[in-house]
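Undergrad: Every number in the working numbering is 9 more than the matching position in the sequence shown, counting from 1. Backbone N, C-alpha and C define an ideal beta-carbon position, used for all residues, glycine too.
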Amino acid sequence: MASKIGVAVMAATCYPETQKKVQEELDMLIGKNRPPTFANQDILPQTMVFVLESFRWQPVTFGVFPHKPTRDIIWNNYCIPKGVSVIGNVWSVGRDPAVFPDPETFNPQWWITAGGTLRDDIQSYPFGFSQRVCPGQHIVTASMYINTALTLWAFRLCEDEKEKIDTLAFTESANAHPMPFKVLFEPRLGGWDTVKEAFEVYGM
10 MASKIGVAVM
20 AATCYPETQK
30 KVQEELDMLI
40 GKNRPPTFAN
50 QDILPQTMVF
60 VLESFRWQPV
70 TFGVFPHKPT
80 RDIIWNNYCI
90 PKGVSVIGNV
100 WSVGRDPAVF
110 PDPETFNPQW
120 WITAGGTLRD
130 DIQSYPFGFS
140 QRVCPGQHIV
150 TASMYINTAL
160 TLWAFRLCED
170 EKEKIDTLAF
180 TESANAHPMP
190 FKVLFEPRLG
200 GWDTVKEAFE
210 VYGM
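Structure, rendered in structure tokens:
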């Protein structure tokens, strides 16, 4: 979870135009007098596509748990033998040029229709595939939504000109984490005390 939050913060900082889209939506639909809540998730598509794109852009793991077919399967003229381990490559799926023409760029608009709704013809696979998908996917997605919504509602994230962020700097591990990077948090609500008061009023 911490890795995914770190990726979202990195993306918002390095791609300020995407951060601005989320903040414009929050200002218009939520306002600045109260923070967003879980109940607002369905009316904040720009926030949700930001989350989906953060899952795709820098997945914290290249693949998912292995699966084993119970019988020989022929797929695209390939034979996948019974009992062989098959690992879905999440990183590669998220870089399909037919769906994501410039995959190294963080672009949440790939996930939204011209009418402003989430696309139903593409899927996000950070939690695995088929019937053995991670059972915690809904908790993680909801947590990412509320973290993203609250952070971008309260703050403007800026890159330190003296310490540029390396978006390719991740730990070399099965569950990769962004290497430490510096971000400037600027309150959007008038000051730190205003932000603190708003969160305390709503028990956050």
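Using a Cβ-Cβ cutoff of less than 7 Å, which residues in the same chain neighbour ASP129 once the five nearest sequence positions on both sides are dropped?
TA: none
Undergrad: Between which two residues does the alpha helix (DSSP H) containing PRO196 stretch?
TA: Note, PRO196: premise wrong, no alpha helix (DSSP H); beta strand (DSSP E) at 192-196.
Undergrad: Would you report the Cα separation of TRP201 and ALA17, rounded to the nearest angstrom?
TA: 22 Å
Undergrad: Return the CA-CA distance between THR122 and VAL60, expressed in angstroms with no decimal places.
TA: 16 Å
Undergrad: Secondary structure at ARG165, three-state DSSP: helix, strand or coil?
TA: strand
Undergrad: Are there 16 or more other CB atoms within 10 angstroms of the CB of MET237, so buried, or fewer, so exposed?
TA: The structure shown does not extend to residue 237, since the chain spans only 10 to 213, so no value can be given for it.
Undergrad: For MET153, does the count of other Cβ atoms within 10 angstroms reach 16, so buried, or fall short, so exposed?
TA: By the neighbour-count rule (16 or more Cβ atoms within 10 Å), MET153 is buried.
Undergrad: Under 8 Å: do the segment 158-171 and the segment 39-50 share three or more Cβ pairs, one atom per stretch?
TA: yes
Undergrad: With a 10 Å radius around its C-beta and 16 neighbouring C-beta atoms as the bar for buried, classify VAL95 as buried or exposed.
TA: exposed
Undergrad: Taking C-alpha atoms, which residue in VAL69, PHE64 and PHE74 lies nearest to GLN140?
TA: Of the candidates VAL69, PHE64 and PHE74, PHE74 places its Cα closest to the Cα of GLN140.
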